[in-house]
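Q: Which chain is which? The protein sequence lines are U and B, in order. The first sequence begins at 1134 in this note's numbering and counts up by one. The second sequence begins at 24 in this note's numbering and counts up by one. Ideal Cβ placement from N, Cα and C applies to all residues, glycine included. Bear in mind the structure is a predicted one, so any value in this text is a computation, not a measurement.
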Amino acid sequence: MQVTLTWLDYLILLTYTCFVVGIGFALRKYMRSSSDFLTSGRSIPTWVTGLAFISANLGALELVGMAASGAKYGILTSHFYWVGAIPAMVFLAVFMMPFYYGSRARSVPEYLKMRFDERVRALNSISFSVMTVFASGISMNALAKLLHLLLGWNYHASLWICSAVVLVYVLKGGLTSAIYTEVLQFFMIVLGFSPVVYLGLKDVGGYSALTGMLKGVAMNPAAFHLRDTATTYSSNAWTSAWQPLLAGPAHNPMGVDWFAMVFGLGFVLSFGYWCTNFLVVQRAMAARNMTAARNTPLVAAVPKMLFPALVILPGMIAVGLMTIPSKGYRIPAPILENAVYAKAMTVVAASADLPAEQAFKDVSAAVGKRMDRAKVAALVRDYAAKPLAPDAFNDRLWNAVAEYDYDGVILSLVKRYCPPGLLGLALTGLLASFMSGMAGNVTAFNTVWTYDLYQAYIAPKKSDDHYMRMGQAATLVGILASIGCAYFARMYNNAMDIIQLVFAFVNAPLFGTFVLGMFWKRTTGTGAFLGLLGGTVASGVVHALTISQGNAPGMKGGYLSVVHTFPSEMAQNFWLAIFAFTVCVGLTVGISLATRRTKSDEELTGLVYSLTPKIKDAGTAWYGRPAFIGTALLAACAVLNVLVW
Amino acid sequence: MGLDIRWPIGLMFSFVGLLMTIYGFVTRNDAEVYRRSLGIDINLIWGVLLLVFGILMLFLASRRRNGGGPPGPK
């Protein structure tokens, strides 16, 4: 799995690092107040906030994960973009941004305080700040692991050095630094990865050749160890986005029905993420005026719509490559421990005289993974003829594993196609997205901590200088806490999964609270608070009572009792979100009607749709108005869907 | 904010593009280096493209300093 970097690759990496640190220092002199540091003083042009908006979302884990899904599910993955992002981004721009930006709230939790009360703000800001720290910790752990595996760098050194770089530029230039480096990262990823996609596509013989190969795969995925032997799909399962979905959960590789996809992902999860997550919304709030703020998600939607070609296509190319034996490519197998190799070697040595079936069983048991029958037999035969050296043996054994580490897809392609030079560019893009992921989380964390927790509950009415220093201290603490979480993630993988699960419960109902708060003036603070809590609890309860096919009751659900079995984990996630949202909306409406309003119409002006004067875009040409751009984007998105129907 | 982001973007990609172009030019006949990229001298091609992109960014940034055009949509 390891690659060797040349001086040129290191030079490109070093250049990028120097530039991001340089940006931090160049911005230092503009950091005069806490609002410069934490909210960029609302002064950044649209195209910059727009690209930062999309970059904050395009973390390295997304890059890795989407290529993995591209291999596992094919073009169906693009629903995460065209159904699960674009409509929500347009909605944020046209309908919600006026309240976020117009209320002059400095953060999403602060908006909640203005609209509802302190309880809702506290609930949201605490869960959000804990979540950002964990998110950046998880991603930094993945980065350090990757650098260790791929380049042989020391785990601790990688973790601390990358964090130190982020610390320097965020501490010097605050949110502006983070936004600027996100723009740099955007270009780095697009320009670093598109040649890899181009070379991959050329290697498999173009897109139409690729769809031909994937049709064969869909009808017999077991031939490539992509599914169990019993599973088969119609030929378009990997190559059309809607037909397999409409045919039902048994007919598409995701195992999802169209309703869960459209309502669960496309409405609840997607709107919940794009419209309420301060990490992305913060970028739009940093824009220089209302039109710029509203256009930010729209600018971001353009690259977002085209990203499937950059991030999903590589996964499909990887599967296509596997169908051409002469290419000698396979999606990498999971990493095996050294002890496993040693154990397997003794088993292989002892298997020489056993019947083939017994030998296969023994070796599979020793490795603890599904193995390829023919490759194991060949290995046993060759080993009996002449014992292999450990390196050669390990290589052959690893190759005989019939399971895939899908997260390794993108890197295996980078390694396969990039000569020195381009390799440095692609790896820098990856590293950049890890670091700016941390920077994005930390800048969201320090704002919420300083304004929504520290200023609100711990030390109100201090000088601005005081909050500026607190913001800087929070940056340092946020990064140290992220490093702590990275180590935690490294040690307790399971604990990490539980934490992420809890956050999924917390996030699922959030959009219900926002949409009622913004569009129904009768919503009360008590209703919102209890609705949000109720939605979270509902999500947890449904999870405890349901399970997805192929999983045992436990971490993956069903630990109380199994009332319903979903066809796949993804379907389970989507339905959980649907339940959480429905319960949150139901409770919020019910309790709001039963409680007295605490805020008058005047207090809610600028915070609720019906009480806010409509924005007149008269000063803007018709083609520059958010409503027009948004409609055009939705139309373009529909066209893309039809193209891969 | 006082710093126009197009300066650092332009400078960085011009520099990286130049590096890749020079390296790609020097190694253009070295089949071994480009075995991975299907025999295409991708460094030369992509280096030139990055260089053009970088220079374009620098051009846009400098035009604004001279009072030429607006810095993107207001």
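(1) Check for me: the alpha helix (DSSP H) holding Ser-1176/U runs from which residue to which?
(2) Quick check on Gly-62/B - is its C-beta less than 8 angstroms from some C-beta in chain U?
(3) I'd like to know if Ile-65/B contacts chain U, where contact means its C-beta is closer than 8 angstroms to some C-beta of that chain.
(4) Hey, could you find the ends of the alpha helix (DSSP H) His-1697/U is sitting in?
(5) Using a Cβ-Cβ cutoff of less than 7 angstroms, which residues in the same chain neighbour Ile-28/B once the five nearest sequence positions on both sides are dropped?
(6) Taking only beta-carbon atoms, is Val-56/B less than 8 angstroms away from chain U?
(7) State buried or exposed for Lys-97/B, treating a residue as buried only when at least 16 other CB atoms are found within 10 Å of its CB.
(8) Distance, Cα to Cα, Leu-1280/U vs Tyr-1516/U?
(9) Compute the minimum distance between the beta carbon of Met-1352/U and the heavy atoms of the ligand ATP, and state whether it is under 7 angstroms.
(10) Determine which residues share a DSSP beta bridge with Ser-1211/U and list them.
(11) Identify which residue in Ala-1477/U, Pro-1759/U and Ala-1507/U has its Cα closest to the Cα of Leu-1521/U.
(12) Under 8 angstroms, Cβ to Cβ, is there at least one residue of chain B near Gly-1554/U?
(13) Please confirm if the stretch 1555-1562 of chain U is in contact with the stretch 1141-1153 of chain U, defined as three or more CB-CB distances below 8 angstroms between the two stretches.
(14) Here's a check: name, in chain order, each residue in its chain whose Cβ is nearer than 6 angstroms to the Cβ of Met-1603/U, leaving out the five neighbours to either side.
(15) In this structure, how does DSSP classify Val-56/B when only helix, strand and coil are distinguished?
(16) For Gly-1786/U, I'd like the list of residues in its chain whose CB is within less than 6 angstroms of its CB, leaving aside the five on either flank, ordered along the chain.
(17) If the cut is a Cβ gap below 7 angstroms, which residues of chain U does Arg-59/B touch?
(18) Unbroken alpha helix (DSSP H) runs of length 4 or more, entirely within the stretch 1725-1775 of chain U: which are they?
(19) For Ile-1680/U, which beta-bridge partners are listed by DSSP?
(20) Would the beta-carbon of Met-1199/U fall within 8 angstroms of that of Thr-1561/U?
(21) If the criterion is Cβ atoms closer than 8 angstroms, does the pair Ile-1711/U and Phe-1493/U meet it?
(22) Buried or exposed: Thr-1576/U, going by 16 or more other Cβ atoms within 10 Å of its Cβ?
(23) Please name the residues in the stretch 1313-1332 of chain U whose beta-carbon is closer than 7 angstroms to at least one beta-carbon of chain B, in chain order.
(24) Output the boundary residues of the alpha helix (DSSP H) element that contains Ile-1591/U.
(25) Alpha carbon to alpha carbon, how far is Arg-59/B from Asp-1528/U? Give it in angstroms, no decimals.
(26) Pull out every residue of the stretch 29-41 of chain B whose Cβ sits closer than 8 angstroms to any Cβ of chain A, in chain order.
(27) Counting only Cβ-Cβ distances shorter than 8 angstroms, please list the residues of the stretch 1144-1162 of chain U near chain B, keeping chain order.
(28) Using 8 angstroms for Cβ pairs, my map puts Ala-1426/U next to Tyr-1244/U. What's the rounded Cβ distance?
(29) Is the separation between the beta-carbon of Leu-1304/U and that of Thr-1608/U shorter than 8 angstroms?
(30) For the alpha helix (DSSP H) containing Pro-1231/U, list its first residue and its last residue.
(31) Given this structure, state the Cα-to-Cα distance separating Gly-91/B from Trp-30/B, to the nearest angstrom.
(32) How about Leu-74/B: is its C-beta nearer than 8 angstroms to some C-beta of chain U?
(33) Residues in the same chain with beta-carbon distance under 7 angstroms from Thr-44/B, minus the five sequence neighbours each way, listed in chain order, please.
(34) Pick helix, strand or coil for Gly-1691/U, following the three-state DSSP scheme.
(35) Using only CA atoms, which one of Cys-1551/U, Ala-1533/U and Val-1452/U lies nearest to Gly-1126/U?
(36) Looking only at C-alpha atoms, which of Gly-1668/U, Ile-1271/U, Ala-1275/U and Ala-1482/U sits nearest to Gly-1645/U?
A: Reading it off the structure:
(1) Per DSSP, Ser-1176/U belongs to no alpha helix (DSSP H) and is neither H nor E.
(2) no
(3) True, the Cβ-Cβ gap to chain U drops below 8 angstroms.
(4) Where His-1697/U is concerned, there is no enclosing alpha helix (DSSP H), although the beta strand (DSSP E) it sits in stretches over 1697-1699.
(5) none
(6) Judged by the 8 angstroms Cβ criterion, Val-56/B is in contact with chain U.
(7) Annotation note: pLDDT 31 at Lys-97/B (below 50); position unreliable, coordinate value reported separately. With a threshold of 16 other beta carbon atoms within 10 Å, Lys-97/B falls short and is exposed.
(8) 33 angstroms
(9) The ligand ATP is absent from the structure shown, which contains no ligand whatsoever.
(10) Its beta-bridge partners do not exist; DSSP assigns none.
(11) Comparing Cα positions, the closest option is Ala-1477/U.
(12) For Gly-1554/U, the closest Cβ of chain B is nearer than 8 angstroms.
(13) yes
(14) Thr-1583 and Tyr-1587
(15) coil
(16) Residue coverage of chain U in this structure runs from 1134 to 1778, which leaves residue 1786/U outside it and unanswerable.
(17) The contacting residues are Arg-1549, Tyr-1550, Cys-1551 and Pro-1552.
(18) Within the stretch 1725-1775 of chain U, no complete alpha helix (DSSP H) run reaches 4 residues.
(19) Thr-1698/U
(20) no
(21) no
(22) Thr-1576/U is buried by the Cβ-count criterion.
(23) Tyr-1313, Val-1316, Leu-1317, Phe-1320, Leu-1324, Pro-1328 and Leu-1332
(24) Here Ile-1591/U belongs to no alpha helix (DSSP H), and DSSP marks it neither H nor E.
(25) Rounded to whole angstroms, Asp-1528/U to Arg-59/B spans 20 angstroms at the Cα level.
(26) Protein chains U and B are contained in the structure displayed, whereas chain A is not.
(27) Leu-1144, Ile-1145, Thr-1148, Tyr-1149, Phe-1152, Gly-1155, Ile-1156, Ala-1159, Leu-1160 and Lys-1162
(28) About 13 angstroms separates the two Cβ atoms, so there is no contact after all.
(29) yes
(30) Unbroken alpha helix (DSSP H) run through Pro-1231/U: 1230-1235.
(31) Any reading at Gly-91/B needs caution, since the residue's pLDDT is 39, under 50, leaving its predicted position unreliable; the model's value is listed next. Spanning the two alpha carbons is a distance of roughly 16 angstroms.
(32) no
(33) Leu-67, Gly-70, Val-71 and Leu-74
(34) Correct three-state label for Gly-1691/U: coil.
(35) This structure gives no information on residue 1126/U, because the portion of chain U shown stretches from 1134 to 1778.
(36) Gly-1668/U
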